[in-house]
Every structure is written in structure tokens, then in C-alpha cells.
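K.L.:
Taken in order, these protein sequences are the chains called P and S.
Residue numbering for the first sequence follows our numbering, starting at 0 and increasing by one per position.
Residue numbering for the second sequence follows our numbering, starting at 466 and increasing by one per position.
Quick one: this structure, given as C-alpha cells, is what I'll be asking you about.
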Amino acid sequence: MNLFRILGDVSHLLAMILLLGKIWRSKSCRGISGKSQALFALVFTTRYLDLFTNFISLYNTVMKVIFLLCSYVTVYMIYWKFWKSFDSENDTFRLEFLLVPVTGLSFLENYSFTPLEILWTFSIYLESVAILPQLFMISKTGEAETITTHYLFFLGLYRALYLANWIWRYHTENFYDQIAVVSGVVQTIFYCDFFYLYVTKGRCQGRVE
Amino acid sequence: KDQEARHDEL
């Protein structure tokens, strides 16, 4: 465990709590892509099946359970509790374009051909593209509310910190996880355009358009 | 060992 890893996890948690808090306080999920949130719930579900098979640390278990709960509560808020405010006409990204290639790739390129490892690989690949429906929605409507942009900023920051964590681990432990690093780099690239808008426009106007 | 190191990350 290094500083980049801890800060990365904290920023990931903060992103999810910000999003939940925003939905809860405004009693609305306008501008949030339900598809992205459903994909994140699927990512955590398929990755954290190891909760049942091996115990790593208390921190690890607690964080995994919190991430799972947050993602399920978010999906529940969007598709049930505050369904009326959900902007489904603008959440039109075709999920099969992500799910089909990601499923295929996880069967082809994995560490071992066992159900748990394939699901773990699937979750890594899926996480790298899960934000696309949200970014697609923002580009379609042409705007994002301030809190949504903060959410995306912290999610992107988490990715960037994880990259730093992998560089650190490579140098200190000689540990290098090829699948996670390649997907992580791809995922971080998706946030670059958004980061640019966030810094140049978001800060002064309070929203990204 | 590597598998454990991977599953340690969130």
C-alpha cells in the first residue's frame, strides 16, 4: 500500500459519495447516465467475487463492500426512486457496443481460463469504458451540472493516481499487472478531454458546457 | 503471489 493507492481509493470513494449526495439532496438524477452507473455496478459485482474466495485485508474487504453498496444504491436511485427525473431520452449509448467486445476480449486475453479470472478480466476491461455512456450523454445535451463535473473529476483523478501507484509498485515491488495497466491507461485517456474542459471552463463558470 | 497482489487493488 502506497500513498498514490490510498489517495486513489479515497478519490474514487469521494466521487461515488458526491454523486449519491447530489442525487439525494436534489431528489433528481438529471444529467446522470443510468447506463454508466449500471455498468459500474456490473464492474464491481464481477470483480469483487473474490470477497467469497479469499480474504486479503480488513481494508480491502470493507472498501469492496462500500463500493458495491454505493453503486447499487446509485442504480436504485436512478432506475426506481427518482426514475421520473431520469433523462432516459439522452442516455442512449448502445451498451452492446461495449459489452460484446469487452466479453470477447476477456475470454481471449486473461491470466487463466477460469470463471473467476475471466470475470475479473471482464471487470477490468469494462471499467475502462464504463464512463463512455456518461460522456456521450454530456456531449449530446451539451452541458453538465457542477457536481457531475466534480464527480467526473474525482473519478479521473482516481485513475491518474492508480497509474502513479502502478509505476511505484513496478519500481518498488517489481510488480506489474499488464491487463490492469493497459486498460487503466485507456481509461485515463477518456478523461483527458474532460479534464481539459474542467480546468479551462468548469472552474470559472461553475459548469462545463 | 501475483494473483493476490492483483486482487488487493480495488
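Backbone N, C-alpha and C fix where the C-beta goes; we use that ideal spot for every residue, glycine too.
Which of the three DSSP states, helix, strand or coil, is assigned to P/A37?
P.N.:
Translated into the one-based positions of the first sequence, residue 37 of chain P becomes position 38. Helix, per DSSP.
K.L.:
Judging by CA-CA distance, which residue of P/S56, P/T52, P/R29 is the nearest neighbour of S/E474?
P.N.:
If you number the second sequence from 1, residue 474 of chain S lands on position 9. Among P/S56, P/T52, P/R29, the Cα nearest to that of S/E474 belongs to P/S56.
K.L.:
What is the rounded straight-line gap between the Cα of P/T50 and the Cα of P/L67?
P.N.:
Here residue 50 of chain P refers to the residue found at position 51 when the first sequence is read from its first residue. Here residue 67 of chain P refers to the residue found at position 68 when the first sequence is read from its first residue. Correcting the residue identity first, residue 50 of chain P is Leu in this sequence and not Thr. Near 11 Å, if we compare the C-alpha coordinates of P/L67 and P/L50.
K.L.:
Helix, strand or coil: how does DSSP classify P/A159 here?
P.N.:
Your numbering for residue 159 of chain P matches position 160 in the first sequence. Of the three classes helix, strand and coil, the one that applies to P/A159 here is helix, per DSSP.
K.L.:
Count Cβ pairs between the stretch 80-90 of chain P and the stretch 38-45 of chain P that sit closer than 8 Å; are there 3 or more?
P.N.:
Output reads no: the stretch 38-45 of chain P does not touch the stretch 80-90 of chain P.
K.L.:
Write down the C-beta distance between P/S35 and P/Q133 rounded to the nearest angstrom, noting that I regard them as a contact closer than 8 Å.
P.N.:
Locating residue 35 of chain P in the first sequence gives position 36, counting from the first residue. Locating residue 133 of chain P in the first sequence gives position 134, counting from the first residue. Rounded, the Cβ-Cβ distance is 4 Å, consistent with contact.
K.L.:
What's the call for P/N173, buried or exposed, on a 16-neighbour Cβ count within 10 Å?
P.N.:
What you label residue 173 of chain P is simply residue 174 of the first sequence in a count that begins at 1. With fewer than 16 Cβ atoms within 10 Å of its Cβ, P/N173 is classed as exposed.
K.L.:
List, in order along the chain, the chain S residues whose C-beta lies closer than 9 Å to that of P/I55?
P.N.:
As a position in the first sequence, residue 55 of chain P is number 56, starting the count at 1. What P/I55 touches in chain S: E469, H472, D473.
K.L.:
Please report the distance separating the alpha-carbon of P/G264 from that of P/E144.
P.N.:
This structure cannot settle anything about residue 264 of chain P, because the visible part of chain P is limited to 0 through 208.
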